[in-house]
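Taking our numbering, I'd label the letters of the sequence shown as residues 165 to 506.
The structure under discussion appears below in the form of structure tokens.
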Amino acid sequence: MSKKNTGKIGVLLVNLGTPDTPETPDVRKYLREFLLDKRVIDINPVSRFFLINGIIAPFRAPKSAVVYKQLWTERGSPLLYHGIDLKEKLQASLGDGYHVAFGMRYQKPSIKSALEELREQSVDRIIVFPLFPQYASASTGSAHDKIMEIVKDWWIVPSINFISDFCNDPGFIESFAELGRKYLAKENYDHVLFSYHGLPERHILKGSDHGYCKLGTCCNSYNKRNKYCYRASCFETSRQLAAALNLSEDQYSVAFQSRLGKDPWLKPYSDEVLKTYPEKGIKKVLAFSPAFVADCLETTIEVGEEFKEMFLEAGGEKWQLVESLNSNDTWVEAVKQIVLQN
């Protein structure tokens, strides 16, 4: 029996992924799936296979498992439960004319299961919303790639609209600014650091519009030629956030974290920059991670704890992480408005 056309619009929220548990075998499984993605480590497939399976996953998994155990809560992985909470709140806000599903690019719940959920609802069309504010081939591009890989086997493929970035969306900016103002109202911070997840420089250059990217002043403005440049998007988010927080240019910095391997990654590196602050008289720092809309290992542990320890050891006095947007009401409304605009 054929399903009745519901007239609903499907919304697919996508985030990166998380291990099923913080135990080493599950962490190893997650790392293998993640790092074997050709858009994440863009080298020869044979070399990538042996690098991941022979070196990185076996040796990194036990160390990462220790960190994941620090992150884990009674509800499990924050990236997962914040995503589920966002889905449920967005569903309630959008109402019966929409069906919201949530999937992860790696591990569970999978993008495939989320798409099947939308297909079961017989939605008229699908709005794909990867929860990555700044476009990168290794995140947004990979999610788009996976979705097209899945739906190509559907007999009927509905209209699909991809949201590729929202780095300067007013609602997104205000959601982070609102959280930052809460801390700025309580303490006089010497400086604000906007720390973004790093990427290899070659990823940026590969996506450059006919050589426009120079990994330099080309990111001083955000325009049609660098709209999909991750570095330019990070600087644009920072400019918009600084304006919303009434920060002058000398009151904030932009840096990049979480590099892997020996190849050059986007600079400056957050862990190196923060160590220079105390000698410059910067003793109190408010840190944001605006590449992440949900708290995870890179925000809570890396920026919130590891960077704090480095800063204090270098002579700093106070390091405060601004939590991510998670599923707070301002962010839910921002997501709703982005969906409605699309």
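Here a beta-carbon is modelled for each residue, glycine too, at the ideal position from N, C-alpha and C.
Q.
I need the straight-line Cα distance from residue 202 to residue 270, nearest angstrom please.
A. Translated into the one-based positions of the sequence shown, residue 202 becomes position 38. Translated into the one-based positions of the sequence shown, residue 270 becomes position 106. Near 13 Å, if we compare the C-alpha coordinates of residue 270 and residue 202.
Q. Do residue 488 and residue 359 come within 8 Å of each other at the CB atom, strictly closer than that value?
A. In the sequence shown, the residue the question calls residue 359 occupies position 195. In the sequence shown, the residue the question calls residue 488 occupies position 324. In this structure, residue 488 does not lie closer than 8 Å to residue 359 by Cβ.
Q: State the beta-bridge partners of residue 240 as determined by DSSP.
A: Within the sequence shown, the letter at position 76 stands for residue 240. Per DSSP, 237.
Q: Identify, in the order they occur along the chain, each residue of the same chain with its Cβ nearer than 6 Å to the Cβ of residue 181, setting aside the five sequence neighbours on each side.
A: Residue numbering aside, residue 181 sits at position 17 when the sequence shown is read from its first letter. Cβ within range, chain order: 268, 269, 270, 271.
Q: Report the three-state DSSP secondary structure of residue 175 (helix, strand or coil).
A: As a first step, residue 175 is located in the sequence shown; it is residue number 11 there, counting from the start. It is a strand residue.
Q) What did DSSP end up calling residue 446 once you bin it into helix, strand or coil? A) Taking the sequence shown and counting its residues from 1, the one referred to as residue 446 is at position 282. Coil, per DSSP.
Q. If we ignore side chains and look at the alpha-carbon of each, how far apart do residue 168 and residue 278 end up?
A. The residue you call residue 168 lines up with position 4 of the sequence shown. The residue you call residue 278 lines up with position 114 of the sequence shown. The predicted position of residue 168 is uncertain, since its pLDDT is 49 and thus under 50; a value taken from the coordinates is nonetheless stated next. Going by the C-alpha atoms only, they are around 20 Å apart.
Q) How is the beta strand (DSSP E) around residue 324 delimited, first residue to last? A) The residue labelled residue 324 in the question sits at position 160 within the sequence shown. Segment 323-326, the beta strand (DSSP E) holding residue 324.
Q | Through-space distance from residue 282 to residue 315, alpha-carbon basis | A | Counting from 1 along the sequence shown, the entry for residue 315 is found at position 151. Counting from 1 along the sequence shown, the entry for residue 282 is found at position 118. The alpha-carbon atoms of residue 315 and residue 282 are separated by roughly 12 Å.
Q) How many angstroms separate the CA atom of residue 465 from the CA atom of residue 373? A) Translated into the one-based positions of the sequence shown, residue 465 becomes position 301. Translated into the one-based positions of the sequence shown, residue 373 becomes position 209. So the alpha carbons of these two residues sit roughly 35 Å apart.
(Q) I need the straight-line Cα distance from residue 480 to residue 424, nearest angstrom please. (A) What you label residue 480 is simply residue 316 of the sequence shown in a count that begins at 1. What you label residue 424 is simply residue 260 of the sequence shown in a count that begins at 1. Between residue 480 and residue 424, the C-alpha separation is close to 26 Å.
Q | Range covered by the alpha helix (DSSP H) that runs through residue 367 | A | Your numbering for residue 367 matches position 203 in the sequence shown. First-last of the alpha helix (DSSP H) with residue 367: 365-370.
(Q) Tell me the residue span of the alpha helix (DSSP H) that contains residue 267. (A) For the purposes of this step, residue 267 is taken as residue 103 along the sequence shown, with counting starting at 1. Careful: residue 267 lies outside any alpha helix (DSSP H), inside the beta strand (DSSP E) at 262-270.
**Q.** Residue closest to residue 197, alpha-carbon to alpha-carbon, out of 216, 179, 187, 311
**A.** In the sequence shown, counting from the first residue as 1, residue 197 sits at position 33. Closest by alpha carbon: 216.
**Q.** Rounded straight-line distance, which links the Cα of residue 336 to that of residue 254
**A.** Sequence index remark: in the sequence shown, residue 254 carries index 90 (1-based). Sequence index remark: in the sequence shown, residue 336 carries index 172 (1-based). About 15 Å.
Q) Roughly how many whole angstroms lie between the Cα atoms of residue 391 and residue 397? A) As a working note, residue 391 is residue 227 in the sequence shown. As a working note, residue 397 is residue 233 in the sequence shown. The straight-line gap from Cα to Cα measures roughly 7 Å.
Q) Straight-line CA distance for residue 431 to residue 363? A) Position 267 of the sequence shown, counting from 1, holds the residue named residue 431. Position 199 of the sequence shown, counting from 1, holds the residue named residue 363. Rounded to the nearest angstrom, the two C-alpha atoms are 9 Å apart.
**Q.** C-alpha distance - residue 307 paired with residue 225, whole-angstrom precision
**A.** Along the sequence shown, read from residue 1 onward, the residue named residue 307 stands at position 143. Along the sequence shown, read from residue 1 onward, the residue named residue 225 stands at position 61. Taking the straight line from one Cα to the other gives about 23 Å.
Q.
Can you tell me where the beta strand (DSSP E) holding residue 210 begins and where it ends?
A. Within the sequence shown, numbered from 1, the residue matching residue 210 stands at position 46. Looking at the DSSP string, residue 210 is not in any beta strand (DSSP E); the run it does join, the alpha helix (DSSP H), is 209-215.
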